[in-house]
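The block underneath contains the structure these notes are about, expressed in structure tokens.
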Amino acid sequence: MAEKQENGLLPPGDKNASHQPWVAQETDVRAQIRLQFRNVNGELVAVQRSMLCTQKSKKTEFKTLEGVITRTVHGEKVSISSKCAEIDREMISSLGVSKSVLNNVIFCHQEESNWPLSEGKALKQKFDEIFSATRYIKALETLRQVRQTQGQKVKECQTELKYLKQNKEKACEIRDQITSKEAQLTSSKEIVKSYENELDPLKSRLKEIEQNLSKIMRLDNEIKALDSRKRQMEKDNSELEQKMEKVFQGTDEQLNDLYHNHQRTVREKEKRLVDCQRELEKLNKESRLLNQEKSELLVEQGRLQLQADRHQEHIRARDSLIHSLATQLELDGFERGPFSERQIKNFHKLVRERQEREAETASRLMNDFAEKETLKQKQIDEIRDKKTGLGRIIELKSEILSKKQNELRNVKYELQQLEGSSDRILELDRELTKAEHELSKAEKNSNVETLKIEVISLQNEKADLDRTLRKLDQEMEQLNHHTATRTQMEMLTKDKADKDEHIRKIKSRHSDVLSSLLGYFPNKKQLEDWLHSKSKEINQTRDKIAKLNKELASAEQNKNHIINEVKSKDEQLSSYEDKLFDVCGSQDFESDLDRLKEEIEKSSKQRAMLAGATAVYSQFITQLTDENQSCCPVCQRVFQTEAELQEVISDLQSKLRLAPDKLKSTESELKKKEKRRDEMLGLVPMRQSIIDLKEKEIPALRNKLQNVNRDIQSLKIDIEEQDTLLGAIIPEEESAKVCLTDVTIMERFQLELKDVERKIAQQAAKLQGVDLHRTIQQVNQEKQEKQHKLDTVASKIELNRKLIQDQQEQIQHLKSTANELKSEKLQISTNLQRRQQLEEQTVELSTEVQSLQREIKDAKEQVNPLETTLEKFQQEKEELINKKNTSSKIAQDKINDIKEKVKNIHGYVKDIENYIQDGKDEYKKQKETELNKVIVQLSECETHKEKVNKEMGIMRQDIDTQKIQERWLQDNLTLRKRNEELKEVEEERKQHLKEMGQMQVLQMKNEHQNLEEKIENIKRNHSLAIGRQKGYEEEIIHFKKELREPQFRDADEKYREMLIVMRTTELVNKDLDIYYKTLDQAIMKFHSMKMEEINKIIRDLWRSTYRGQDIEYIEIRSDADENVSASDKRRNYNYRVVMLKGDTALDMRGRCSAGQKVLASLIIRLALAETFCLNCGILALDEPTTNLDRENIESLAHALVEIIKSRSQQRNFQLLVITHDEDFVELLGRSEYVEKFYRIKKNIDQCSEIVKCSVSSLGSYVH
């Protein structure tokens, strides 16, 4: 519990650290631990932990509820909760020892107390934790890794520095080349600019002349277009007059009235046609609805028929199930169906009665089985209770027997130990006399006081050396500081020279170029202003080019559109002409149409003549054959002879016979010609379109295309001029921009140069008044000499202290030996007095053991027949349960089968009743009547639709006839409109001719030609200058691009920064090497000192405690790990405990007895506590006498007494011993330091309580 309180750990194998809930018969068990102690500062500290153990379904759950630390500061109590602080860390801080020392040295549970003799890996881990080796090893490893990383960084810096120097030199060379090319570019730009100044006024005048010529051309084209349009309009009017049968002679108002009246008549007929269409749509809709209703009724009729069929199937299935179940249950009166409703009700009643009988039979059977099972279980419980009672008796007797046997063995062992005690007393007297004589001699020969005086003198000398070393460290630090200052001074001087050189190179590189551009070498602001003006000029030129390119793109798009339109018109014209030729057979459409009209007129007259010829010839023949008529019916000539009369009659009869054939032939030919005439009349609009395309639209488009081509050519020339101008300006700007970068760098270098000069002055001021004749090597040499003297003095101090300690330890050892001999003599005397008592106890215990063995044997003989009977009853019970389950399953299956069949019958009956109650038969007949009615209505609707369709056909024929008259009226309106347009065209033509006559055309054309020649010559020279300029620009861009590459961009700065990084990293690496070696030596020295101190304490404790002669002493060996690689300079230790006899050392693990193992572990823990627990004098020993023989127990007690005696003056010392060995407690109590002890026992309520007892009461305590 103390370990739980101080570091939060639970005992091994215990997950609860509290009373078990299942023992207390509670769900939750709460516990609380309190501990009060004084911390390293002597302050009173109380700690309290509250815990909860909860019993779950399968396991117990333990958790700490809260911890509170209470400190008494200046008389006031201050508390802090575990919610605000980490209790374990606070406890470790208060006790002043590490967690590993608390767990493995101060508080070590009995099960883990032998850890010093555990296997190598676990032992190494324990010692590493105690020495806190992991933290120091990590620190060394971190230093080593950082040092290795820094060393690698120095190598990388050296490599990179070499390449950076090459890049720096290359960048300077590129800048010189850029300066030369920029000067050449400036000269070229001035030449280009002079050419451009000459071109501007010439282009302005040329543009003005071209605008006037364009206007003249436009007027000329418009006059030609108006002439062509006039001729075409006159021709169109003439053709339209020829096409019309007659021209309307009335006024325009009369023509419009006639046209509107005709349209009104047509609209009325069209309205009637629309009404008929609407009525037809209504009938169609009605027909669709009736068809839809018919389809729905047919579907419904099919569904009702399907339900009727299913109803009959349900009746047949119900009767079949009733017949089947009645046969199964042997019910009479259900051999044949169909069954009436009364029979079905009777059937259900009989089935329910049968189900109740079956259920009652099954219930009686289960009750019988349950009674038999209860009886059998009662017999089993009785036998099991008897067997359990005998088992408890056997366990109790066996436990008592084991205790008695152990007591008997212990008593016999004590009797055996008492043999030869008389001779041992005489031997102890001789040894005691010898030990006292040696003690007196050692005290006389001791020179401890002289050695202490010498130690004080050496300590004073050591203090002087320490002060001298500190002064040397300060001097070394000052020299290191000034070394950095001198290094910085050298670097700054070199940096100043580099910057002066950069400034000189920049001026020499760009002086020619900037002087040619500006006339002087500008500063950054002047150059930026000049660049701003150039940039503005370039932007204006680019805006002009963009505007011209936009106009050019628009003109190109317009051109493509016109070309596509001309192509489309040509294709349209070709298509119309082909169609016209297919109908007419020639291209003379008007002549063919007039000729066809004349032929139709002739054929019409001939048809009329032939139609009337039959009646006329018949009448003439009748008149000529009449006896009273003898003259010609036409000319009234009288025939002279009969023969002449007969000849006329014969001729008339012949013509009368031929007339019908001729009439039929003439009518057929007339129909063909009329059909062709109608087709040609339909092509009249197409013919007009062909004329418009040939004479108006296509020529106009071609003229427009020529104008667009001229505009495109003009725009291309303008764009080329602007591109040339832009090509001259941009190189100048680029050259200046390149120079601007270097001018900016030069100004930055000038500012940095001032800063460097200021820093040089500061460093020079720091170095004033400093003695620089004494070097770091001289100071370091002197420091090493002083350090060597200091180590020598420290070694002498340590040697004298060791001599003092050895003499004190020798005297202490002799005193301890004398005390041990006295104690052993006293113990033997006491044991001789107890011999008779032990012999009587042996006889009594032997009798009790034999009696218990007989009782255990009798109980076991009674258990065997009970087990046989129990197994027999359990088997009978199992068979009874199997029979019960089988019978229950058979009865239940039978009942379930009847229920399932009755359920199916109920389902069919319910479906049949639902069908009858819903009136499905009547509903079916009703739907059939509705279907017949819909079929009759559908037939009437179709008849009405045919009637309306016939009327619509007649209306359409009348409307088509009226369209011909409407076309004639429209032609008259068109003719009058075209005459008005012709007058307007004539007036516009006269106006254009007047405007064109006022311009001087010939003079403008001559001036235009001269200007074009001058501009062409200047452009040729300008292009040559631009070509040279572009060459310079490309070279400058290439050099600048190369200079902008990452390796050249900041080459100087990168070189300087890398040089500083490399130098500082080298200094850091040297310091890290010194720190690593110093820390490693300190760790090794600390480890060796502590191990030597621990082994000395172990050796003394073993010699004073162990009574055997086979082991002189034991010690802990710390061997360097041989498996560590050569690259790892850090030392790694493996630990082992060895036992020595003479010069021979053997590993103690696996070779020692259990007692030696316990004793060695105790001594090692005591030594570790002496070494590491200076701030915490607490030591807890849990069952320290386990596996120790009586002699070693006594010697351990004497050793603990000596430890108590030597550390009794230490204010924070406290030894806790937990043991069941009362003799061991009595041995401890014989000293003057142990008077009381605490006993844990059960009170009358069987609860544990702690009782403070006197050591003197041990002999009288009753077990």
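Residue numbers (UniProt numbering): 1 to 1263.
Every residue, glycine too, gets a C-beta built ideally from N, C-alpha and C.
If you look at Thr1064, you'll find it isn't in any beta strand (DSSP E); it sits in the alpha helix (DSSP H) that goes 1051-1105.
Secondary structure of Thr886 (DSSP, three-state): helix. Annotation for Gly1229: the continuous alpha helix (DSSP H) segment containing it runs 1222-1229.
Taking the Cα of Val351 as reference, the smallest distance to any Cα among Lys903, Leu1196, Thr868 is reached at Lys903. Burial state of Arg758 is exposed, judged by a 10 Å Cβ sphere holding fewer than 16 other Cβ atoms. Relative to the Cα of Met955, the nearest Cα in the group Met1148, Val756, Val793, Glu270 belongs to Glu270. Using a Cβ distance threshold of 8 Å, Ile691 and Leu548 do not count as a contacting pair. For Phe1213, the enclosing beta strand (DSSP E) begins and ends at 1213-1218.
Secondary structure of Lys58 (DSSP, three-state): coil. The beta carbon of Lys386 sits closer than 7 Å to the beta carbons of Leu866 from its chain, once the five residues preceding and following it are set aside; these are given in chain order.
With respect to Ile562, Lys673 sits apart: the two C-beta atoms are not nearer than 8 Å.
Distances from the CA of Arg1028 to each of Lys59, Ser1256, Glu90, Lys189 were compared; the closest alpha carbon is that of Lys189. Per DSSP, Cys276 has no beta-bridge partner at all. A distance below 6 Å between beta-carbons, with the five flanking residues on each side excluded, links Lys452 to no residue of its chain. By alpha-carbon distance to Cys108, the top candidate from Ile1240, Leu1166, Arg1190, Lys1205 is Leu1166. Leu44 sits exposed, since fewer than 16 C-beta atoms from the chains shown fall within 10 Å of its C-beta.
For the pair Ile174 and Leu740, the CB atoms are not nearer than the 8 Å cut-off. In this structure, Ser735 places its C-beta atom within 8 Å of the C-beta atom of Leu185.
Taking a contact as a CB-CB distance under 8 Å, the pair Tyr1106 and Asp1119 does not count as one, their CB atoms being some 24 Å apart. Taking a cut-off of 8 Å for Cβ pairs, the segment 439-449 and the segment 800-808 touch, as three or more such pairs fall below it.
Under the three-state reduction of DSSP output, Phe107 falls in the coil class, being neither helix nor strand. For Ala728, the secondary structure class from DSSP, reduced to helix, strand or coil, is helix. Excluding five sequence positions before and after Thr724, the CB atoms of its chain that fall closer than 6 Å to its own CB belong to His1022, Ile1026, given in chain order. With contacts defined as CB atoms closer than 8 Å, Lys404 and Leu845 qualify as a contacting pair.
Contact check for Leu290 and Leu938: beta-carbon distance about 4 Å, within the 8 Å limit, so the pair qualifies.
Selection Lys671, Lys696, Glu86 evaluated against Ile600 yields Lys671 as nearest (Cα-Cα).
The beta-bridge partner set that DSSP reports for Ile898 is empty. Arg1136 sits in a strand when the DSSP states are folded into three classes. Of the residues Asn1243, Asp1052, Met244, Gly1142, the one whose Cα lies closest to the Cα of Glu501 is Asp1052. For Lys462, same chain residues with a beta-carbon under 6 Å away, outside a window of 5 residues either side, are Val793 in chain order.
It is roughly 21 Å from the alpha-carbon of Ser887 to the alpha-carbon of Phe873. For Lys376, DSSP assigns no beta-bridge partner whatsoever. Ranked by how close their Cα comes to the Cα of His1220, the residues Ala1197, Thr1186, Gln1214, Ala553 have Thr1186 in first place.
Here Leu1059 is near Leu161, since their CB atoms are less than 8 Å apart. Contact between the segment 1240-1252 and the segment 1222-1231 is not established, with fewer than three Cβ pairs separated by less than 8 Å. About 10 Å separates the Cβ atoms of Leu390 and Ile856, ruling out a contact at the 8 Å cut-off.
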